[in-house]
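**Q** Would you mind keeping the following structure in view while I ask a few things?
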Amino acid sequence: MDPKSQRVKLNDGHFIPVLGFGTYAPEEVPKSEALEATKLAIEVGFRHVDSAHLYQNEEQVGQAIRSKIADGTVKREDVFYTSKLWCTSLRPELVRPALEKSLKNLQLDYVDLYIIHSPVSLKPGNRFVPKDESGKLIFDSVDLCHTWEALEKCKDAGLTKSIGVSNFNHKQLEKILNKPGLKYKPVCNQVECHPYLNQSKLLEFCKSHDIVLVAYAALGSQLLSEWVNQNHPVLLEDPVLCAIAKKHKQTPALVALRYQVQRGVVVLAKSFNKKRIKENMQVFDFELTPEDMKAINGLNRNIRYYDFQQGTGHPEYPFSEEY
Ligand code: NAP
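Here it is in structure tokens:
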């Protein structure tokens with residue numbers, strides 16, 4: 004099947020491709036890898052690219068997208084590009100300048116989706132992760148409804164086609180949905196989601212409000228990242244996933260991606276490796292049985308790789324809620 008046709012309609016009428024290419028890599032990875040990997044991803048059929056100001060690679064990712072437009076592989080409207088508003092820019096007056104900065108780095112006229120990276124606001128300034136002398140994060144205090152109103156203005160100004168959130172729990176989503184004078188609902192909530200943290204309650208909540216759940220760390224995250232809790236088991240070595248993969252003559256990674264597609268979740272897959280970038284496109288080439296899906300659902304154990312422990316004292320820290 005043509006992967007380009009595998010899209011989901013968002014609540015604002017735009018479409019998001021169900022498979023997205025993740026571009027986050029730890030700081031020590033040269034940014035040129037994001038450029039080459041994104042180009043290849045588009046060549047092999049990815050039509051959805053996920054990045055963020057925080058990843059410090061929007062220059063390279065934008066360059067990759069523009070080069071694939073220039074050589075005729077795609078048109079701008081064929082590629083769905085997501086950027087994210089970092090935590091130090093949640094004050095409403097900082098939102099539009101932050102998006103404009105991303106657009107400048109990307110050298111694009113608009114993004115397809117702009118999302119609040121996390122509800123945990125941090126002190127504005129040049130540092131991505133502002134800390135005090137004792138190494139504690141310096142929080143900011145921002146009403147997320149005011150941040151949301153600034154995002155709505157960015158959509159109206161044509162800087163982004165759609166707006167959404169990331170790492171929100173259902174209460175934070177509810178707060179936006181119940182905001183007096185709400186103009187646009189969030190189209191998505193991008194959260195960590197994989198067989199060890201399948202987010203079934205949050206997924207049900209999102210579906211009931213026509214909000215798409217976008218899964219990150221769907222392959223179990225990059226265990227080397229500074230943001231990741233290193234003490235958890237490796238998802239792709241799970242015996243149940245491995246047995247299902249063997250039965251279908253696929254890899255555990257493809258089973259983990261396919262699981263999300265079949266439960267109506269838009270899924271991101273990061274790889275900077277040529278073979279694995281191509282492999283991940285094969286998610287559309289096979290189907291899991293209802294028994295496979297049930298067995299994978301049974302793996303849920305509330306393992307959160309990106310637990311953002313440093314943010315726990317913040318009033319909007321999202322992961323203390325059950326979902
Ligand atoms: P992920 O997609 O779970 O991937 C984890 C690792 O799996 C990668 O490092 C990759 O290594 C490896 N991999 C990829 N394909 C594979 C395959 N077919 N077989 C075996 N291994 C494979 O990682 P993630 O980066 O944590 O999450 C994905 C994306 O979600 C990110 O890149 C980013 O765009 C987004 N994200 C968003 C948030 C947020 O707060 N909103 C947080 C985290 C991530 P190789 O590169 O070596 O192949």
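The opening residue of the sequence shown carries number 4 in my numbering; numbering runs sequentially from there. In this text, a Cβ means the ideal position worked out from N, Cα and C, and glycines have one as well.
Nearest-angstrom Cα distance between Met-4 and Val-286?
**A** The residue you call residue 4 lines up with position 1 of the sequence shown. The residue you call residue 286 lines up with position 283 of the sequence shown. Its pLDDT being 45, under 50, Met-4 is placed unreliably in this model, and the value from its coordinates should be taken loosely. Rounded to whole angstroms, Met-4 to Val-286 spans 10 angstroms at the Cα level.
**Q** Taking Cβ to Cβ, would you say Cys-90 is nearer than 8 angstroms to His-51?
**A** Residue numbering aside, residue 90 sits at position 87 when the sequence shown is read from its first letter. Residue numbering aside, residue 51 sits at position 48 when the sequence shown is read from its first letter. The answer is no: Cβ separation not under 8 angstroms.
**Q** With a 10 Å radius around its C-beta and 16 neighbouring C-beta atoms as the bar for buried, classify Phe-171 as buried or exposed.
**A** The residue given as residue 171 occupies position 168 in the sequence shown. By the 10 Å Cβ count, Phe-171 comes out buried.
**Q** What three-state label does DSSP hand Asp-53 in the structure shown?
**A** Here residue 53 refers to the residue found at position 50 of the sequence shown. Of the three classes helix, strand and coil, the one that applies to Asp-53 here is strand, per DSSP.
**Q** If we ignore side chains and look at the alpha-carbon of each, how far apart do Asp-213 and Leu-13 end up?
**A** Against the sequence shown, residue 213 aligns to sequence position 210. Against the sequence shown, residue 13 aligns to sequence position 10. Going from the Cα of Asp-213 to the Cα of Leu-13 covers about 8 angstroms.
**Q** With respect to 7 angstroms, is the separation between the Cβ of Ala-248 and the closest non-hydrogen atom of the ligand NAP below this value?
**A** Counting from one through the sequence shown, the residue named residue 248 turns up at place 245. No; taking the cut-off as 7 angstroms, the Cβ of Ala-248 has no heavy atom of the ligand NAP nearer than that.
**Q** Could you pull out every unbroken beta strand (DSSP E) segment of at least 3 residues lying fully inside the segment 215-301, listed in chain order?
**A** Whole beta strand (DSSP E) segments, 3+ residues: 215-219, 269-273.
**Q** For Val-190 and Ile-166, which I take to be in contact (beta-carbon distance under 8 angstroms), what is that distance rounded to the nearest angstrom?
**A** Within the sequence shown, residue 190 is the residue found at index 187, counting from 1. Within the sequence shown, residue 166 is the residue found at index 163, counting from 1. Right, the Cβ-Cβ distance comes to about 7 angstroms (below 8 angstroms), so this counts as a contact.
**Q** Tell me which residue opens and which closes the beta strand (DSSP E) that Val-168 is part of.
**A** For the purposes of this step, residue 168 is taken as the residue at position 165 of the sequence shown. Note, Val-168: beta strand (DSSP E), 163-169.
**Q** Using DSSP's beta-bridge definition, name the partner residues of Val-41.
**A** Here residue 41 refers to the residue found at position 38 when the sequence shown is read from its first residue. Per the sequence shown, residue 41 should be read as Thr rather than Val. In the DSSP output, where bridge partners are listed per residue, Thr-41 has none listed.
**Q** Taking Cβ to Cβ, would you say His-197 is nearer than 8 angstroms to Tyr-326?
**A** As a first step, residue 197 is located in the sequence shown; it is residue number 194 there, counting from the start. As a first step, residue 326 is located in the sequence shown; it is residue number 323 there, counting from the start. No, the Cβ-Cβ distance between His-197 and Tyr-326 is not below 8 angstroms.
**Q** How would you write the range of the alpha helix (DSSP H) that Ile-68 sits in, first residue to last?
**A** Indexing the sequence shown from 1 puts residue 68 at position 65. Unbroken alpha helix (DSSP H) run through Ile-68: 61-73.
**Q** Distance check for Lys-249 and Lys-158, CA to CA, integer angstroms please.
**A** Taking the first residue of the sequence shown as 1, we reach residue 158 at position 155. Taking the first residue of the sequence shown as 1, we reach residue 249 at position 246. Their Cα atoms are separated by approximately 45 angstroms.
**Q** When burial is assigned at 16 or more other CB atoms within 10 Å of the CB, is Asp-53 buried or exposed?
**A** Within the sequence shown, numbered from 1, the residue matching residue 53 stands at position 50. With 16 or more Cβ atoms within 10 Å of its Cβ, Asp-53 is classed as buried.
**Q** Once you ignore the five residues that flank Glu-195 on each side, which residues in its own chain have a CB closer than 7 angstroms to its CB?
**A** On the sequence shown, position 192 is the one that residue 195 refers to. Result list for Glu-195: Tyr-219, Ala-220, Arg-307, Tyr-308, Tyr-309, in chain order.
**Q** Quick check: the Cα distance between Ala-153 and Tyr-187, rounded to an integer number of angstroms?
**A** Mapped onto the sequence shown, residue 153 falls at position 150. Mapped onto the sequence shown, residue 187 falls at position 184. If you take the alpha carbons of Ala-153 and Tyr-187, they lie about 11 angstroms apart.
**Q** For Ile-179, tell me which candidate among Asp-115, Pro-122, Asn-129 has the shortest Cα-Cα distance.
**A** As a first step, residue 179 is located in the sequence shown; it is residue number 176 there, counting from the start. Checking every option, the nearest Cα to that of Ile-179 belongs to Pro-122.
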